[in-house]
Structures are given as structure tokens and as C-alpha cells.
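Residue numbers (the numbering used here): 117 to 500.
(1) Could you check what DSSP says for residue 413 in three-state terms: helix, strand or coil?
(2) Flag this pair as touching only if the stretch 383-395 and the stretch 419-431 have three or more C-beta atom pairs under 8 Å; answer yes or no.
(3) Roughly how many angstroms lie between the CA atoms of residue 280 and residue 347, to the nearest whole one?
(4) Taking the DSSP output, what are the residues bridged to residue 237?
(5) Rank 249, 151 and 207 by C-alpha distance to the C-alpha of residue 214 and give the top, closest one.
(6) Who are residue 276's beta bridge partners in DSSP?
(7) Which residue's Cα is closest to the Cα of residue 400: 466, 371 and 320?
(8) Can you tell me which of the three DSSP states residue 380 falls into?
(9) Report the three-state DSSP secondary structure of residue 333 (helix, strand or coil).
(10) Please list, in chain order, all residues of the same chain as residue 223 whose beta carbon is under 8 Å from its beta carbon, the five residues on each side excluded.
(11) Please report whether the beta-carbon of residue 475 lies at a distance below 9 Å from any beta-carbon of chain C.
(12) Closest by CA to residue 353, which one among 341, 364, 335 and 321?
(13) Using only the alpha-carbon positions, how far apart do residue 176 and residue 185 sit?
(14) Please identify the residue among 254, 142, 404 and 342 whose C-alpha is closest to the C-alpha of residue 506.
(15) Between the alpha carbons of residue 204 and residue 211, how many angstroms are there, rounded?
(16) With DSSP run on the structure shown, which of helix, strand or coil describes residue 357?
(17) Just tell me which of 220, 221, 232 and 273 has its CA closest to the CA of residue 198.
(18) From the DSSP output, read off the bridge partner residues of residue 322.
(19) Could you give the distance in angstroms between the alpha-carbon of residue 325 and the alpha-carbon of residue 426?
(20) Classify residue 380 as buried or exposed, calling it buried when 16 or more other Cβ atoms lie within 10 Å of its own Cβ.
(21) So what does residue 405 bridge to, in DSSP terms?
(22) Can we say the stretch 326-345 touches the stretch 402-422, given the rule of at least three CB pairs closer than 8 Å?
(23) Taking DSSP's pairing of strands, which residues face residue 386 in a bridge?
(24) Going by DSSP, what residue range makes up the alpha helix (DSSP H) through residue 505?
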């Protein structure tokens, strides 16, 4: 059937089924020619295109589902409430200060600024770029990465001065005991950073300012004739400080205590034998306070109330007296031991993390650094 067969066909006459079938046949032949280069549609191979189309649709759906699952399992995290983040593309570190993000030199600085030991949160660089930015922060030379904390039994450090503060050495780990000895808690060390500067008394892992111009302080602490041991500011700053040790002043000293019911005047130092040793109490206006030997000596050298020694009494004498905590002597040493030998060339402060809440702090003294045989210290430049 060709175009000549339709000449003279009435315009209003309906299309016959034969014409529609012929049209569809021609369309199939065109499809075969375009898809597989043939004109015979009898073998039905155009169905392969439909199969390919269906397979493509299925594959597209699979890829789409995979993208959704990946987004759920590994979402592109935003800044959120993180304090420290790291850019995925550049690896740069940023720390949050208020509502501002600052680039930071290293992880140690970031944790110190943020006040947290959290690890950096990976984010896209674009998230940080869109946020409010600030200037660069950080400590040059601080560790870029911070590893896991040492076990409790290995967490220790020691700082030592040799040749009276001429050189300062920092040791990581427990000190070796070959060249130094540990000072007992009652043993005191009079130190100063330089001649004429403020003097400190080191004892029981603490330091306290002492006024060497006060005779009562010098005598009670047995500091007469002692020259301060020179130490570095680094070592002195590492020692926890307690309130100054000074002469004690008691109000209404010499007046009757507890309206005369106790039989002693305010400021009197009493001694009671208990537990194989002497316990000291001072009489105050509202009761009695237990004190150590050093505080008792400070009181007696300041105002002895006319008594050559602490007045020894029986324990039941103060049984009815209220116990008060008026005088600030909690940080004073209880007793005094022999001072540090002036011949020691090395003075150290040792800090060891204990199993209890309070770390173990002690002073070491000797004639060399507490390091294993063959070990040597590495010189470092000035540290600000």
C-alpha cells in the first residue's frame, strides 16, 4: 500500500483497522532499523531494548537506595555543639571560642582552649567557612597530637634544680633513687629565688611564705642562722602554696576564758600526754583549739603568758571546754625536723598520681639527678 492508494479517499471517511495495523507495522520496521540495523521485526528482538531499559531503571533505583543508606550511616556532620573540629579536606584544626571558630596550631592547644579532652569532630571545610571565623590561636611547639593517658602507676614527673638553681631539669616518669633521698614530711627547706627576695619554707609537699624579720617566726621554725637555698622560679612555682606562716595574734589575750570556768587565761598553751606523745591546745575566749607543736611554739615565742613551757594538764581538765577552730593553723607543719643539709647540690619536687584523690608530692635531695645510669638530659631553649 502506498500513497497512491489513498488518492480520492473521502476526507470524512473513518480510518480502517487495516490502515492502523499497517501504520503500526511500519513503525516497528523503523524501530528495528534504528535499533539493530534490520527491517525484519518477525524475531521480536526489539524486546531487548525494553529489557535494557528495565535493567537501567532497576540499577538507578539500587544506586539511589545506596546513596540514601550511605547518607544515613555516614552523614556529613555539621558543626553542632562540637568544641574542636577538623576539616575533612585540609585536616586543619579549629576550636570554638564563644560563637567564633579559630584555627589552632595543634590539638594540645585546642584542648587547653576548649577545656575538654574531646577528640576533633570531622566536618566539611565548607561548614567552617560559613561559620564566624577568628584569628589563629595556639602554643607554638605544643604536641600536634595527644595520645592516651599513661596508667596511674606511670603518671609521674619530677622537676630538679642542680647547683642551687643554675640548671633546671624536668623528668617524666618515676625518679630513680640512686643519687637522691626522699625527705620526710616534717623536714623543712628554706628557699628563695634570689638573694633578698621573699623566703619560702618547703615542707610536706607545700610552700609557705615566712617572714624572716619576725624573731618569733625565726625561733619557732628554727630558722636562725639559716641561709635560704636558692632555687629556680620553675621549681618554686611547681610547689603548691599554702597560707603564710606568721606569728599568731590572739584577741583578749590574758583575760579569763569561758568566764573563768576553765581556770586558764586566753592565749595559754596547754600540753596533754595522749597516745604516747604530747598534744597541744591553746585556750581561746570561746573554748580550746588543738594545734601542732609549731603553732604552739609560735604562740609561746609571741606571748608566753609568763610560762616557760606549755602547761601540762590532765586530759579531763578540758573535757567540758568547747572545741573551736578559730586560729588559721591548718596548713602549718605539726612538728619540725632537721633542716636540709646545706651540702646537697640537687633539690627536686616529685609528683606521682596516687590511687587516692590526692597525688603524692614529695621533696628529694642529693648530689645528682634521679635518672637511671647512662641516661642524660636533653637541653631545651627558654620556655615562656
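Where a beta carbon is used, it is the ideal one built from N, C-alpha and C, also for glycine.
Bear in mind the structure is a predicted one, so any value in this text is a computation, not a measurement.
Straight from the coordinates:
(1) helix
(2) yes
(3) 6 Å
(4) 201
(5) 249
(6) 285 and 464
(7) 371
(8) coil
(9) helix
(10) 200, 209, 236, 259, 260, 261 and 262
(11) The structure shown contains no chain C, having only a single protein chain.
(12) 321
(13) 14 Å
(14) The question about residue 506 has no answer here: the residues shown for the chain are numbered 117 through 500.
(15) 15 Å
(16) strand
(17) 232
(18) 319
(19) 26 Å
(20) buried
(21) 398
(22) yes
(23) 397 and 427
(24) Lying outside 117 to 500, the shown extent of the chain, residue 505 is not represented and no answer is given.
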